[in-house]
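Trainee: Residue numbers (the working numbering): 261 to 489. All C-beta atoms in this analysis are idealised placements derived from N, C-alpha and C, irrespective of residue type, glycine included. Nothing here was measured: the structure is a model prediction, and the numbers come from that model.
1) Taking the alpha-carbon of residue 452 as reference, which of 465, 398, 276, 470 has the nearest alpha-carbon?
2) Do you know how far the Cα of residue 487 is from the Cα of residue 358?
3) Between which two residues does the beta strand (DSSP E) carrying residue 300 extend?
4) What are the uninterrupted segments assigned as beta strand (DSSP E) that are 3 or more residues long and contained completely in the stretch 431–489, given in chain order?
5) Could you compute how far the alpha carbon of residue 429 sits from the alpha carbon of residue 454?
6) Just how far apart, CA to CA, sit residue 426 and residue 337?
7) DSSP state of residue 323, grouped into three classes?
8) Determine the contact status of residue 448 and residue 475, defining contact as a CB-CB distance below 7 Å.
9) If I'm right that residue 271 touches residue 482 with Cβ under 8 Å, what's the distance once you round it to whole angstroms?
10) Is there contact here, the stretch 319–339 with the stretch 350–367, by at least three beta-carbon pairs under 8 Å?
11) By DSSP, does residue 365 sit in helix, in strand, or in coil?
12) What residues are listed by DSSP as bridge partners for residue 428?
13) Determine which residues share a DSSP beta bridge with residue 393 and list them.
14) Excluding the five sequence neighbours on either side, which residues of its own chain have a C-beta within less than 6 Å of the C-beta of residue 468, listed in chain order?
15) Just mark residue 327 as buried or exposed, buried being the case when its beta carbon has 16 or more other beta carbons within 10 Å.
16) Does DSSP put residue 212 in a helix, a strand or coil?
17) State buried or exposed for residue 266, treating a residue as buried only when at least 16 other CB atoms are found within 10 Å of its CB.
18) For residue 419 and residue 442, I'd like the C-alpha separation in whole angstroms.
19) Taking just the CA atoms, how far does residue 421 sit from residue 298?
20) Whole angstroms is fine: what's the gap from residue 322's alpha carbon to residue 268's?
21) Go to residue 337, then tell me how far its alpha helix (DSSP H) extends in each direction, as first and last residue.
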């Protein structure tokens, strides 16, 4: 399935910018209300409720999408490159099959479905957002090379208003992911509870290991991935 209800809607509502296109201010993907602003607890609850209602194999084979030819562009919804990169991190590390709408990776915008169907400016590479493009490239490479991200289970280690941390795990690989929409009080996770002795940074910045705890970065918007050992 296309993950509008179980992924796109909660991520948009968590990462939306302060300014919205007129269409989204008064209606939200067929709903007679504008795009709300929610906290991380509500976002995760929506995702879990959706996943609980379908077989796990269906979850792993359903699209995780941030936008499509039927919606506004996520770059327009997020309102900033940093928040867009957090959304991409969630897209590439949440159970499912990431689907990227052509042009998102270079920063195309669009206020509504037809407006979003813009072509990539192939003859104007100077207009591309190269920092965003590199973020896509690195996160896609991580998704393509990780067994845990492709097939692993998911467990939430911390769910707060502005930060969400979760584990993706298989018997041979364990990853810790952290999505942050704005600066917040640092998340502290006991290493024994994680079943780990060290965290190797795969994306983002290093965590601090102090007195048996992993202290995760508090700055945001930002997205991080660590391998647990």
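Mentor: Let me lay it out:
1) With distances taken between Cα atoms, residue 452 lies closest to 470.
2) Using only the alpha carbons, I get a separation of about 21 Å.
3) Careful: residue 300 lies outside any beta strand (DSSP E), inside the alpha helix (DSSP H) at 300–312.
4) Correct list: 433–440, 448–450, 459–463, 468–470, 473–475, 482–488.
5) Each residue's alpha carbon lies about 11 Å from the other.
6) Looking at the backbone, the Cα of residue 426 and that of residue 337 are separated by about 24 Å.
7) Reduced to three states, the DSSP call for residue 323 is strand.
8) Taking 7 Å as the Cβ cut-off, residue 448 and residue 475 qualify as a contacting pair.
9) A Cβ-Cβ distance of about 15 Å is found for the pair residue 271 and residue 482, leaving them out of contact under the 8 Å criterion.
10) Touching, yes.
11) Per DSSP, reduced to three states, the secondary structure at residue 365 is helical.
12) Its beta-bridge partners are 414, 435.
13) Under DSSP, no beta-bridge partner is assigned to residue 393.
14) Answer for residue 468: 475, listed in chain order.
15) The residue in question, residue 327, is buried, as its Cβ has 16 or more Cβ neighbours within 10 Å.
16) Lying outside 261 to 489, the shown extent of the chain, residue 212 is not represented and no answer is given.
17) By the neighbour-count criterion, in which a residue is buried when 16 or more other Cβ atoms sit within 10 angstroms of its Cβ, residue 266 is buried.
18) Straight-line Cα distance between these residues: approximately 14 Å.
19) If you take the alpha carbons of residue 298 and residue 421, they lie about 8 Å apart.
20) The straight-line gap from Cα to Cα measures roughly 12 Å.
21) 334–338 is the span of the alpha helix (DSSP H), which, as asked, contains residue 337.
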